[in-house]
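Student: This note's numbering runs 6 ahead of the 1-based position in the sequence shown.
Dropping the structure in here first, questions after.
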Amino acid sequence: MPLLPPVTRTIRFTAHSRESATFSTKRSAGRCAVSNAESYPLGSTSTWPSADIAAAWRRELPGSRTESIEIITPIWRIAKLLADERRRTLARLGIDPSTLDLLSVIRRSGPPYELTTREITRRTLVTAGAISQRIARAEQAGLVARSPSSASRRAVAVRLTDAGHRLIESTVRQLLNHEAELIETLTDEDHAYLSRVLTKLETSLSARNPEST
7 MPLLPPVTRT IRFTAHSRES ATFSTKRSAG RCAVSNAESY PLGSTSTWPS ADIAAAWRRE
67 LPGSRTESIE IITPIWRIAK LLADERRRTL ARLGIDPSTL DLLSVIRRSG PPYELTTREI
127 TRRTLVTAGA ISQRIARAEQ AGLVARSPSS ASRRAVAVRL TDAGHRLIES TVRQLLNHEA
187 ELIETLTDED HAYLSRVLTK LETSLSARNP EST
């Protein structure tokens, strides 16, 4: 059994050292070249069973801690599958992810469906420059409107237009219905257990990497 799963496409891997390596399609030559790509783990994924990968490393590197493989590898694969699924769904609905994020955070805030640019930046965890670009694109499309904030003369408020309301509400309804179908095989007990365990893991990882939150 090979130590790494066979693939048919190039996989770009970003290591903890921040160096990237691009592996050849079959790995038969065992050669790699340094790359600046940072798509891993959301690049190509393997269907090689994670249990087999873990067993192979236990055999080849006795004493190595392999318990993470059967947890982290499926999470990476699920993230890739869900990201691809959402990308296709949003393309079908005619909205891009960044616009969805912007309109969603304003809509979820409740009446009067208006937030300052600073508050949008804080809630989306995106840089102020990126938020400004998103707002400008959405404003040009007639989805949001900017005006001086009533709370502070120096702040700018961003509110949903009628068109923005219609788009985000229609999109969210269809998106949530579709994504609910993706987890229909899970029972209510599965939902509760997964939610609890994933929240525990996310909290632990966030505490180790506060810059990422």
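Glycine residues also receive a C-beta, built at the ideal position from the N, C-alpha and C atoms.
If you check the beta carbons only, do Thr-177 and Leu-87 fall under 8 angstroms apart?
Tutor: For the purposes of this step, residue 177 is taken as residue 171 along the sequence shown, with counting starting at 1. For the purposes of this step, residue 87 is taken as residue 81 along the sequence shown, with counting starting at 1. The answer is no: Cβ separation not under 8 angstroms.
Student: Please classify Thr-79 as buried or exposed, where buried requires at least 16 other C-beta atoms within 10 Å of its C-beta.
Tutor: Translated into the one-based positions of the sequence shown, residue 79 becomes position 73. The residue is buried, with at least 16 neighbouring Cβ atoms inside 10 Å.
Student: Using CA coordinates, which residue listed in Ala-147, Ala-161, Leu-182 is at the minimum distance from Thr-167?
Tutor: As a working note, residue 167 is residue 161 in the sequence shown. If we check each option's Cα against that of Thr-167, Ala-147 comes out closest.
Student: Please state if the CB of Thr-122 and the CB of Ser-155 are separated by a distance shorter than 8 angstroms.
Tutor: Taking the sequence shown and counting its residues from 1, the one referred to as residue 155 is at position 149. Taking the sequence shown and counting its residues from 1, the one referred to as residue 122 is at position 116. Between Ser-155 and Thr-122, the C-beta gap is smaller than 8 angstroms, which places the two residues in contact.
Student: Under a three-way DSSP split, which group does Ser-117 fall into?
Tutor: If you number the sequence shown from 1, residue 117 lands on position 111. In the sequence on display, residue 117 carries Pro and not Ser. The answer is coil: DSSP assigns Pro-117 none of H, G, I, E or B.
Student: Which partner residues does Pro-154 have in the DSSP bridge list?
Tutor: Within the sequence shown, residue 154 is the residue found at index 148, counting from 1. BP columns for Pro-154 point to Val-162.
Student: Are the beta-carbon atoms of Arg-165 and Pro-103 separated by less than 8 angstroms?
Tutor: Here residue 165 refers to the residue found at position 159 when the sequence shown is read from its first residue. Here residue 103 refers to the residue found at position 97 when the sequence shown is read from its first residue. Not a contact, by the Cβ cut-off of 8 angstroms.
Student: In whole angstroms, what is the alpha-carbon distance linking Val-132 and Ala-142?
Tutor: Taking the first residue of the sequence shown as position 1, residue 132 is located at position 126. Taking the first residue of the sequence shown as position 1, residue 142 is located at position 136. It is roughly 15 angstroms from the alpha-carbon of Val-132 to the alpha-carbon of Ala-142.
Student: Around the Cβ of Arg-179, are there at least 16 other Cβ atoms within 10 angstroms (buried) or fewer (exposed)?
Tutor: As a position in the sequence shown, residue 179 is number 173, starting the count at 1. So Arg-179 ends up on the exposed side.
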